[in-house]
Every structure is written in structure tokens, then in C-alpha cells.
Amino acid sequence: MSNTTRPLTLLHLYPDLLNLYGDRGNIITLRQRCQWRNIPLTVQTASLGDTVDFGPVDIVFIGGGSDREQTLLFTDFQKYKGPALVEAAENDLPLLSVCGGYQLLGRYYRAHTGEEMPGLGLFDAWTEAGPTRLIGNVVAEAPVLGPDVTLVGFENHSGRTFLGTKDIRPLAHVRSGYGNNGDDRQEGAVYRHAVGTYLHGPVLPKNPALADWLIRHALIRRYGDDHLPALPDRWEMAAHQSIIRRFSQSG
Ligand code: GLN
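Below you can see the structure in the form of C-alpha cells.
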């Protein structure tokens with residue numbers, strides 16, 4: 001492992017509003033997996049009315065929220081278009097967005113009330129609420145993260161998300177559960193190093209491959225290489241395998 005410290009900065013957007021189902025645990029996971037590698041991680045937060053300089057930012061996290069919270073912030077969120085979050089993501093800034101945050105990075109989210117909230121259009125995707133909620137455990141294959149990477153998590157959303165064709169691909173292919181819309185077996189989205197997913201839980205403690213994918217790309221973008229030593233995730237992987245076995249059998 002490189003002996004020079006290589007600090008990273010993580011920006012957590014709307015932590016006071018988009019924080020469903022323990023999504024804050026994703027911040028704890030990134031901090032801990034950096035600490036185990038002696039990578040100092042600074043966590044910044046920004047919410048309604050704040051301004052952000054994306055220059056020092058190495059990773060962005062946006063959690064999930066109910067329609068009510070999304071309604072409270074979607075107008076404020078528009079300030080991140082153009083030379084801010086969208087431009088940084090187009091320059092390969094690693095980003096993780098979960099459920100409600102994911103939806104607002106697409107073109108729009110139409111809630112069950114019919115209210116249409118414009119998104120940032122970072123993802124060529126759109127979301128429309130359906131008549132029922134898609135709730136349950138998910139097992140999905142994620143080759144974009146590496147060979148044999150399987151993701152597990154919990155989903156609870158009324159929104160059905162559909163991916164367009166412009167530089168976007170699904171994060172994973174559903175083996176068990178609903179995913180983006182319960183129809184096309186796609187889960188989440190990837191655009192450059194920006195990831196959207198419906199997996200709560202929080203998603204990162206159960207899926208170390210996704211956590212390290214974000215950290216690795218942040219190191220490469222900031223320092224030109226990652227030198228990210230593997231961690232003995234044997235406990236996480238043992239738990240992971242038992243979850244996969246249990247939920248895959250339920251089909
Ligand atoms: N309010 C959105 C929906 O119901 C997102 C929910 C969430 O973040 N879990 O689809």
C-alpha cells in the first residue's frame with residue numbers, strides 16, 4: 001500500500017431530507033473502508049439553500065426519501081445542473097444515489113399525485129409512480145462492477161424507472177425482486193462513474209464491491225491510481241452468500 005496519505009472528500013447531499021431506511025449507513029461504510037486503508041475521508045454536507053464548490057469533491061452520495069421530501073427539495077436540487085454536479089459527473093466524479101435521490105437525477109419523477117418533479121437529467125431515465133409499491137429484497141447480478149459481483153438489498157418504491165439509450169446502462173440485472181420497474185429486470189443505472197440504485201439497507205455494508213468501486217474511481221480521478229488493497233471481507237461475503245441463497249430460493 002502506498003505510504004503517502006491520499007485524502008478524499010465525500011459530499012453528502014440533503015442528509016436531513018433524503019435519509020430513508022438507514023441510507024446514512026453508506027457514509028459510515030465509505031468512511032470505515034477508507035480508514036482501514038489509511039485514506040483520510042472528509043465528509044461535507046449540503047442541503048436546502050447551501051452552495052457547493054465541487055472542485056475538492058471526490059465522491060457524492062444522495063439518499064432516498066418519500067415523495068414529500070422529494071417535493072421539498074427538487075426545486076433547490078436544480079441548482080446542481082450545468083457547471084456543478086452534472087458537469088463534475090461528466091468528468092467522471094463517482095456518485096452513488098439511492099431511490100429518491102436516483103429518481104431526481106433522471107429527467108423527471110411523476111409522483112402518484114400526478115405532480116411532475118423535474119430532475120437534473122444526469123441519467124437518461126425517467127420515473128413514474130405506479131399503482132402499488134415495489135417492496136422486498138433484491139438479488140441482482142452486477143457485471144459492471146466486476147466479474148461475479150452480485151448485489152443484495154431492500155427496495156420500497158412506488159416509482160417505476162425506465163432507462164433511455166444515451167450513455168446509460170443498468171447497474172445490475174435482477175435475479176430476485178423488482179428493480180427499476182418490475183418489468184425489464186433492470187436494477188439501477190450507471191452513467192460514467194455515477195450510479196443510481198433502488199437498493200436500500202443501506203446498500204454499501206452488504207455490497208463491499210460497490211463501496212470499493214466508488215473509492216477506487218475517486219482515487220484514480222484525484223491521484224491517477226488507486227493502490228486500493230483488498231480487505232478481508234470474509235464476514236461480509238459469508239453474510240452476502242447466505243442472503244443470496246435465501247432470497248434467490250424465494251425467487
Ligand atoms: N418517493 C419515491 C418512491 O416512492 C422514492 C422512495 C425511496 O426513496 N425509497 O418511489
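Start counting the sequence shown at 1; every next residue gets the next number (the UniProt record's numbering).
The beta-carbon is built from N, C-alpha and C at its ideal position, and this holds for glycine as well.
Compute the Euclidean distance between the alpha carbons of residue 217 and residue 47, then round it to the nearest angstrom.
25 Å
Collapsed DSSP secondary structure at residue 86 in the structure displayed
helix
Taking only three categories from DSSP, how would you classify residue 262?
No answer is possible for residue 262: the residues shown for the chain start at 1 and end at 251.
Could you tell me which residues DSSP puts in a beta bridge with residue 186?
173
Is residue 203 helix, strand or coil by DSSP?
helix
Exposed or buried, which one is residue 97 when buried takes at least 16 other CB atoms within 10 Å?
buried
Under a Cβ-count criterion, where at least 16 other Cβ atoms within 10 Å of its own Cβ denotes burial, should residue 58 be classed as buried or exposed?
buried
Element boundaries [alpha helix (DSSP H), containing residue 208]:
208-223
Roughly how many angstroms lie between the CA atoms of residue 122 and residue 106, to the nearest whole one?
6 Å
Cα-Cα, which of 78, 245, 239, 230 is closest to residue 176?
245
Could you tell me whether any non-hydrogen atom of ligand 1 is closer than 7 Å to the CB of residue 156?
yes
Grouping DSSP H, G and I as helix and E and B as strand, with all else coil, what is residue 251?
Low confidence applies here, because residue 251 scores a pLDDT of 48, under 50, leaving its location unreliable and the question unanswered by this model.
Can you tell me whether DSSP reads residue 75 as helix, strand or coil?
helix
What are the partner residues of residue 36, as DSSP defines its beta bridges?
The partner list for residue 36 (beta bridge, DSSP) is empty, contrary to what the question assumes.
Express the C-alpha separation of residue 80 and residue 231 in angstroms, rounding to a whole number.
34 Å
When you compare each of 90, 8, 45, 113 to residue 66 by their alpha carbons, which one comes out closest?
113
Separation of residue 150 from residue 240, as counted between CA atoms
9 Å
Expressed to the nearest angstrom, what Euclidean distance is found between the alpha-carbon atoms of residue 60 and residue 131?
32 Å
Residues of its chain near residue 210, where Cβ-Cβ distance is below 7 Å and the 5 sequence neighbours each way are ignored:
145, 151, 203, 204
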